[in-house]
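The structure appears below as structure tokens.
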Amino acid sequence: MTGRATLLLAALAAVAWLTGRPFVFPSLGPSAYALAVTPDDETTRPARVFGGHAVGVAAGLLAYHLFASGASMTAYPAATSTVGAGLAVSGVVALGLTTAGMLVTDLRHAPACATTLIVALGLLTTPVEAASVLLAVAGLLAVDRLLAHSSNGSSMS
2 MTGRATLLLA ALAAVAWLTG RPFVFPSLGP SAYALAVTPD DETTRPARVF GGHAVGVAAG
62 LLAYHLFASG ASMTAYPAAT STVGAGLAVS GVVALGLTTA GMLVTDLRHA PACATTLIVA
122 LGLLTTPVEA ASVLLAVAGL LAVDRLLAHS SNGSSMS
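Numbering (the numbering used here), first residue to last: 2 to 158.
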């Protein structure tokens, strides 16, 4: 199982290194872990993994551009600043929208709640970065499928 999670992320780390694009980001780790450890769980169905992250990206982009456009949590904003308030509101709204969106669409995948915060807090906010997030999730699922087929149903340890 640990080998499988490691291989899932290693493939994307190589793509990130080769392209200089954000194909590795914090919420991908929990998705890789869930795929490796609980592959038969409802929340690790490919549609839920990809769909949950897609909902998170969309909600994060919407909240960010409404409440915190141009700001970023790469440094702590000053206490009581409007920048800090915008980022805080963006994060809260994005999480609420992501939760509601995943429930309504039945695309529940908890790591997507971290994805929405990554976007809403200004870390990945351009269309290219948003596309990179979704391509990374698709890549994670593709590698997972390849590993599942190559192991012929046996789990990797």
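Think of the CB as a built atom: it goes at the ideal place given N, C-alpha and C, for glycine as much as any other residue.
Is the beta carbon of L122 closer than 8 angstroms to that of H54? no
Give the straight-line distance between the Cα atoms of A149 and I119, rounded to the nearest whole angstrom. About 29 angstroms.
Contact under 8 angstroms by Cβ, R72 with L141: The sequence given here has Ala at residue 72, not Arg. In this structure, L141 does not lie closer than 8 angstroms to A72 by Cβ.
If you draw a straight line from the C-alpha of L1 to the C-alpha of C114, how long is it? Nothing can be reported for residue 1, as the shown portion of the chain is limited to 2 through 158.
Taking the alpha carbon of V58 as the reference point, which residue from P47, A131 and T7 has its own alpha carbon closest? A131
On the premise that F24 lies in contact with S133, defined as a C-beta separation below 8 angstroms, what is that separation, rounded to the nearest angstrom? 6 angstroms
For M74, does the three-state DSSP call read helix, strand or coil? Note: M74 maps to coil in three-state DSSP.
In the DSSP assignment, find the alpha helix (DSSP H) that holds A121 and state where it starts and stops. From DSSP, the alpha helix (DSSP H) with A121 extends over A113 to A121.
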